[in-house]
Amino acid sequence: DKVEIEYFKNVAEFTSRGTWSSSSTLGCSLIEKLVLDEKYYGNQIMWVPLFLSCSSIKIGYKKAEIKVGYDFTSKRYVSNYNETYYAPIHLLSCQLSFIQSDKLRFIFTGKNLLDWRYVYHDTYSAPSRSFSIKIKATL
Numbered sequence: 048d049k050v051e052i053e054y055f056k057n058v059a060e061f062t063s064r065g066t067w068s069s070s071s072t073l074g075c076s077l078i079e080k081l082v083l084d085e086k087y088y089g090n091q092i093m094w095v096p097l098f099l100s101c102s103s104i105k106i107g108y109k110k111a112e113i114k115v116g117y118d119f120t121s122k123r124y125v126s127n128y129n130e131t132y133y134a135p136i137h138l139l140s141c142q143l144s145f146i147q148s149d150k151l152r153f154i155f156t157g158k159n160l161l162d163w164r165y166v167y168h169d170t171y172s173a174p175s176r177s178f179s180i181k182i183k184a185t186l
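In terms of our numbering, the sequence shown opens at residue 48 and continues consecutively.
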């Protein structure tokens, strides 16, 4: 019997300074506005998380595989003033695969298994718990 274990981790950190604007005043370019606008200087850009992390573990045994994933998104500010922020997000997902033959595989997937209700920004609500079934066939 053979047991396979794979572990993946991908971490990225995002920090930024300044702000963005769709218009300029008195002929200033957008870059000049970012640098000269002191009320936003040093603030985090709205909706951009301070930290993101994704990790997963995959275990295979005989003709079955299970993959469990965890995603974390840190707080994201509501505006460029950095006064209020959206709460951090923790998402858990799972995928079960059953290999019937070299050409046929059944895949069951569950996303956001903890049913974490969150708003990504403003009125854009992210989807709640979801499940899917796939049949992967090679002809």
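Note that the Cβ used here is the ideal one computed from N, Cα and C, for glycine as well. Treat the numbers as computed from the prediction; the structure is a model and nothing was measured.
For the options I146, N90, S103, the alpha carbon positioned closest to that of K158 is the one of S103. Inter-segment contact for the segment 141 to 153 and the segment 125 to 132 is absent: fewer than three beta-carbon pairs are separated by less than 8 Å. When A111, I182, K110, W163 are compared, the shortest CA-CA separation from I136 is found for W163.
As the crow flies, the alpha-carbon of I182 is around 5 Å from that of F153. For E112, the secondary structure class from DSSP, reduced to helix, strand or coil, is strand. Burial state of R123 is buried, judged by a 10 Å Cβ sphere holding 16 or more other Cβ atoms. In the DSSP assignment, T156 falls within the unbroken beta strand (DSSP E) covering 151 to 158. Residue range 177 to 184 is occupied by the beta strand (DSSP E) that includes A184. Residue nearest to Q142 within the set F155, Y132, Y133, G89 is F155 (criterion: CA-CA distance).
In the displayed model, D118 falls within a strand according to three-state DSSP. In the displayed model, L138 falls within a strand according to three-state DSSP. DSSP places Q91 in the coil class of the three-state scheme, outside both helix and strand.
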